[in-house]
Every structure is written in C-alpha cells, then in structure tokens.
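Undergrad:
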Amino acid sequence: MTATDTDIEKPKGRKHDQVIAGARQVFMEQGFEGASVDDIARVANVSKATLYSYFPDKRLLFIAVLKEECARQAQLTFAVDDNVKPSAALLQEAKRFVRFLASPIALNMFRVVIAESQRFPEIGHEFYRSGPGRSRQRMIEYFDAAIERGELAIDDCAVAADQFAELCKSDCFYKIMLNMSDGMTEVEMDQIAHEAVKTFLARYGTDLS
Numbered sequence: 139m140t141a142t143d144t145d146i147e148k149p150k151g152r153k154h155d156q157v158i159a160g161a162r163q164v165f166m167e168q169g170f171e172g173a174s175v176d177d178i179a180r181v182a183n184v185s186k187a188t189l190y191s192y193f194p195d196k197r198l199l200f201i202a203v204l205k206e207e208c209a210r211q212a213q214l215t216f217a218v219d220d221n222v223k224p225s226a227a228l229l230q231e232a233k234r235f236v237r238f239l240a241s242p243i244a245l246n247m248f249r250v251v252i253a254e255s256q257r258f259p260e261i262g263h264e265f266y267r268s269g270p271g272r273s274r275q276r277m278i279e280y281f282d283a284a285i286e287r288g289e290l291a292i293d294d295c296a297v298a299a300d301q302f303a304e305l306c307k308s309d310c311f312y313k314i315m316l317n318m319s320d321g322m323t324e325v326e327m328d329q330i331a332h333e334a335v336k337t338f339l340a341r342y343g344t345d346l347s
C-alpha cells in the first residue's frame, strides 16, 4: 500500500454515504451555485438536520464529493500486476484514462471546479490534490518500479507522467470540454490510447517493454 492510498478516508456510515451520493448527483446536474441543500437532502433521502450534521455548509460538502470521486479514479490508475509488461499496462491505463476524461462525470466535475475555484480556491486545490495530483503520483511510482525492472528508461518520472497524461488527453478532451464536440466513439478513444502508448514507448521504452 502506498502513502497516497492511506490518505483516502474511510466510509462513515450509510447516512453519510447517502448524503455524498445525493450531493454528487445534484452537483453534477446543477453545478455548485445551482445546487440547493433542500434538493440534496431530498435526493439523498435524509433530513436537512442530518445533512448539516455531516457538512455544516455546501462548500464542505462539495469538497467531500470531489475527494471521494477523485480518490476512486486515482485508485484505478495503473492498477496492474508487476508482471504485466509496460506495453500492456500503459495501454490499459490509457484506455481507462481516455474514457474517464470523456465521461459525463469527469466533464461535469472539471467544469464545476473551474467555475468555482476562483471564488473558492480551496476547491481547486483539493480537486488537484485528491485527483490529478494523486493519479500523477501513482503513475510516477509505477514508472519508478518499471525502471528498476529495466522495462522503461526514464530520467524524470514526473515529466514522463505529465507527458503521458497529455498524450491521452490529445485535442479531443479540450474540444469536448468546450462543447466543440459531442464526444468520442469507442474506436476514436482506442485510437488515441494506442497512439499515446506508441509515442510514449518510442521515447522511453526498452527491449523489455
């Protein structure tokens, strides 16, 4: 277990989970500003008193939703066995990451965070720390282990992690985010993933990759 894994909070009971699930649905549908505590309590099937007992204000609830969703995605980053070659591990991760970036939950989350982080900088900070930052660290740890096995030749794993993420984003992520595209087909997402891995291994691969 890595240090980043231990940072993930444990579940706090059924009512807490209901509040988080209800808030997640309402925030993703209505955004931070449009979401009301009344709507969240109704969707979560809890009283407002119960909701406030866990989260005294809406901002703290939104941060909790972000942390849980980000932690879920970060745990999936390079969730592979050590005996899987980088060519296969990278492709698995690229396909997962591309699909996540194109998913409604990811797009809505990015849009809400960007919209609210100017007023509430801690929302942006917590989003990065819990999500992209944690995934980046897991990627770095995977690269470090692959280097030890002679499977990759990387001088700076942090730079390599950033490069791999950007290869997976390609131009499509920004077009979807900006409503310039309706999304990607399965074939298009697979093509982006394959090209990202091919380019990455051309730079950092070894005979064992």
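Here this note's numbering is used: position 82 in the sequence shown is 220, and no number is missing along the way.
Where a beta carbon is used, it is the ideal one built from N, C-alpha and C, also for glycine.
In this structure, how does DSSP classify Asp305 when only helix, strand and coil are distinguished?
TA: Numbered from its first residue, the sequence shown carries residue 305 at position 167. The displayed chain sequence assigns Leu, not Asp, to residue 305. Reduced to three states, the DSSP call for Leu305 is helix.
Undergrad: Roughly how many angstroms separate the alpha carbons of Leu239 and Val297, rounded to a whole number?
TA: For the purposes of this step, residue 239 is taken as the residue at position 101 of the sequence shown. For the purposes of this step, residue 297 is taken as the residue at position 159 of the sequence shown. Cα-Cα distance, rounded: 20 Å.
Undergrad: So, with DSSP's three-state summary, where would you put Gly169?
TA: Here residue 169 refers to the residue found at position 31 when the sequence shown is read from its first residue. Gly169: helix per DSSP, three-state reduction.
Undergrad: Any idea if Thr337 is buried or exposed, counting beta-carbon neighbours within 10 angstroms, 16 or more meaning buried?
TA: Here residue 337 corresponds to residue number 199 of the sequence shown, with the count starting at 1. It counts as exposed.
Undergrad: For the alpha helix (DSSP H) containing Ser255, name the first residue and the last one.
TA: In the sequence shown, residue 255 corresponds to position 117, counting from 1. It is not in any alpha helix (DSSP H) - Ser255 carries neither H nor E in the DSSP assignment.
Undergrad: Could you say which of Ile330, Ser185, Ile243 and Leu229 lies nearest to Gln211 if we only look at CA atoms?
TA: Counting from 1 along the sequence shown, the entry for residue 211 is found at position 73. Gln211 has its Cα closest to that of Ile243, out of Ile330, Ser185, Ile243 and Leu229.
Undergrad: Counting only the same chain and skipping the five closest in sequence on each side, list residues whose C-beta sits under 8 Å from that of Met166.
TA: Taking the sequence shown and counting its residues from 1, the one referred to as residue 166 is at position 28. Same-chain partners within the cutoff: Pro242, Ile243, Asn246, Met247 and Val250.
Undergrad: Out of Lys150, Asp176 and Gly151, point me to the one whose CA is closest to Ala161's CA.
TA: Here residue 161 refers to the residue found at position 23 of the sequence shown. It is Asp176.
Undergrad: How far does the alpha helix (DSSP H) with Ile278 in it extend, from its first residue to its last?
TA: In the sequence shown, the residue the question calls residue 278 occupies position 140. From DSSP, the alpha helix (DSSP H) with Ile278 extends over Pro270 to Glu286.
Undergrad: In angstroms with no decimal places, state the Cα-to-Cα distance between Glu286 and Arg237.
TA: The residue given as residue 286 occupies position 148 in the sequence shown. The residue given as residue 237 occupies position 99 in the sequence shown. So the two alpha carbons sit approximately 29 Å from each other.
Undergrad: Are Leu305 and Ala334 closer than 8 Å when you measure CB to CB?
TA: Position 167 of the sequence shown holds residue 305. Position 196 of the sequence shown holds residue 334. Cβ atoms of Leu305 and Ala334: closer than 8 Å.
Undergrad: With distances taken Cα to Cα, identify the nearest neighbour of Glu254 among Cys295, Phe170 and Tyr342.
TA: Indexing the sequence shown from 1 puts residue 254 at position 116. Measuring from the Cα of Glu254, the nearest candidate turns out to be Phe170.
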